[in-house]
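Participant:
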Amino acid sequence: MTSRLLAGGVDADGDRVDVRVEDVTGTTTAVGPTLDRVPGEEVVDCTGLVVLPAAAEPHVHLDKVATIREAPNPSGELMGAVRAWLDHAPSLDAADVRGRALAAVDDYVRNGATAVRTNVNLHATIDLQVLEAILDVRTAVADRCELQVVGLFMPPLSGDGEVAEANRALIDVACELGIDAIGSAPVTDADPEATIELLAAAAVRWDRAIDLHIDETLDPTSRTLLAFAAAVERHGLGGRATAGHCVSLGMQALDEQESTAARLAEAGIAAVALPTTNLWLQGRAQPTGTPRGVTAVRRLLDAGVVVATGSDNIEDPFCPLGRADPFDAARLLSLTAHLSPAEAWAAASTSSRASLGLAASGLAVGGAADLVAVAGRDLGEALARGSARRTVLKGGRVVARTTVTTTAGA
Ligand SMILES: [Zn+2]
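All the letters of the sequence shown, read from the start, carry residue numbers 590 to 999 under my numbering.
1. Please work out which residues of its chain come closer than 7 Å, Cβ to Cβ, to Asn867, disregarding the five sequence neighbours upstream and downstream, and give them in chain order.
2. Go to Gly969, then tell me how far its alpha helix (DSSP H) extends in each direction, as first and last residue.
3. Kindly give me the distance between the Cβ atoms of Thr632 and Ala596, rounded to whole angstroms, as I take these residues to be in contact under 8 Å.
4. Between Asn867 and ligand 1, is there a pair consisting of the residue's CB and a ligand heavy atom that are separated by less than 7 Å?
5. May I ask you to check if the CB of Asp804 is nearer than 7 Å to at least one heavy atom of ligand 1?
6. Return helix, strand or coil for Ala885, following the three-state DSSP convention.
7. Leu641 and Trp869 - do their beta-carbons sit closer together than 8 Å?
8. Using beta-carbon positions only, say whether Val608 and Gly965 come within less than 8 Å of one another.
9. Check whether the Cβ atoms of Leu972 and Pro915 lie closer than 8 Å to each other.
10. Quick check: does the Cβ of Asn708 come within less than 7 Å of any heavy atom belonging to ligand 1?
11. Can you check whether the CB of Thr703 is closer than 8 Å to the CB of Asp959?
12. Which partner residues of Val961 appear in the DSSP bridge assignment?
13. Assuming Gly872 and Leu807 form a contact by the criterion Cβ under 8 Å, report the distance between their Cβ atoms to the nearest whole angstrom.
14. Rounded to the nearest angstrom, what separates Ala683 and Val730 at their Cα positions?
15. May I ask which residues mark the beginning and end of the beta strand (DSSP E) holding Ala783?
16. What are the boundary residues of the beta strand (DSSP E) that includes Asn708?
17. Determine the direct distance from the alpha carbon of Gly998 to that of Ala854, and round the result to whole angstroms.
18. What are the boundary residues of the beta strand (DSSP E) that Asp800 is part of?
19. Helix, strand or coil: how does DSSP classify Leu863 here?
20. Nearest by alpha-carbon distance to Lys653: which of Ala948, Thr636, Asp901 is it?
Next comes the structure, spelled out in structure tokens:
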């Protein structure tokens, strides 16, 4: 067993804290203002750093990372991005996908995330080698990051057409290959409720989580989220179900937001707010009073829903400016949803882990020793400044350490 002492840092509130971790059980074994060093243990100097639970990225698209040059979307609209990707996807090269995804995961680890859930687009015209490349990355990074893969099965999925049948057949193929969760964007299918039903049934059949792009529409009459809640309850998928984006919920009347949020809490559905991409894609047709496109985060939190946040798209046709940095995601959620720094970091870290079904991490004895220490006097300063100076631990082992050197006069 190797134990490590994270010494000299502060906690989120800025109070002195030492943390002892060990790498066999991968847990935190002691927490206190000052801990005596045990002979032989390694000391990780955290002077000037805030020690926090590590982040988890609940929603990214590693197959698309850094493709903005090959697949531009001049309109900046959602449908422009969908078309740009459909045009580009058949020319994807598996080795290139693997290289881009691997680099992005390592960026995430450096920046403080030790778990990542990625979507991979799957439809009849896409080469399965793309999925295999991402599954290969999952194995390659296992020592430093738990990567979960969601098959993002593209509509049409419900109905009798030949394409829908071919797309549906891919669900079994991808589950056989080993995806962790079943995903889709059902609101873009002809019959969203039928699509949700067949996806939920497949999740039960294959014993997988379900994680849907529930809607990216500013239309307040969209009710896909309620159909999802009903399906999750019908199929007993509570606790393994995630609703991404939920943009329409942010546009609805307060009482509707409250009742839908209560339904999600009851059904055991986690929500993922994704401001980076939604700020970019939504609201372009409304030049005055432009909506933010962010879901009703406060109402969801008040109802007891697990609310996570992440980057979604990184330099791709859906968003040219996303970054593999959970501190960016948390800062943007704080700004757009009016959350305190503590609430925003919880969304990017502990709640994201919960949405991925992972054991809780943090500064508590017995918790998973997945931690990030970042420059700052407290969480608020760390979030405001987003310093690159970070030390990241997964399962009690240091998996990344970034130092910053500035040369005077340079
Ligand atoms: Zn997405």
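We put the CB at the ideal spot given by N, CA and C, even for glycine. If you're wondering where the values come from, they're calculated on a predicted model, not measured in any experiment.
Facilitator: In terms of the structure at hand:
1. Glu805, His834, Val836, Gly882, Val883
2. Looking at the DSSP string, the run of the alpha helix (DSSP H) that includes Gly969 is 968-974.
3. Before going on, a small fix: residue 632 reads as Val here, not Thr. Indeed they touch by this definition, with Cβ atoms about 5 Å apart.
4. Remark: the C-beta of Asn867 is outside contact range of ligand 1, defined as less than 7 Å to any heavy atom.
5. Not under cutoff, so the answer is no.
6. coil
7. no
8. no
9. no
10. yes
11. yes
12. Answer is Leu641, Val981.
13. 7 Å
14. 17 Å
15. That residue, Ala783, is in no beta strand (DSSP E); its alpha helix (DSSP H) goes 781-795.
16. 702-711
17. 55 Å
18. 798-802
19. coil
20. Asp901
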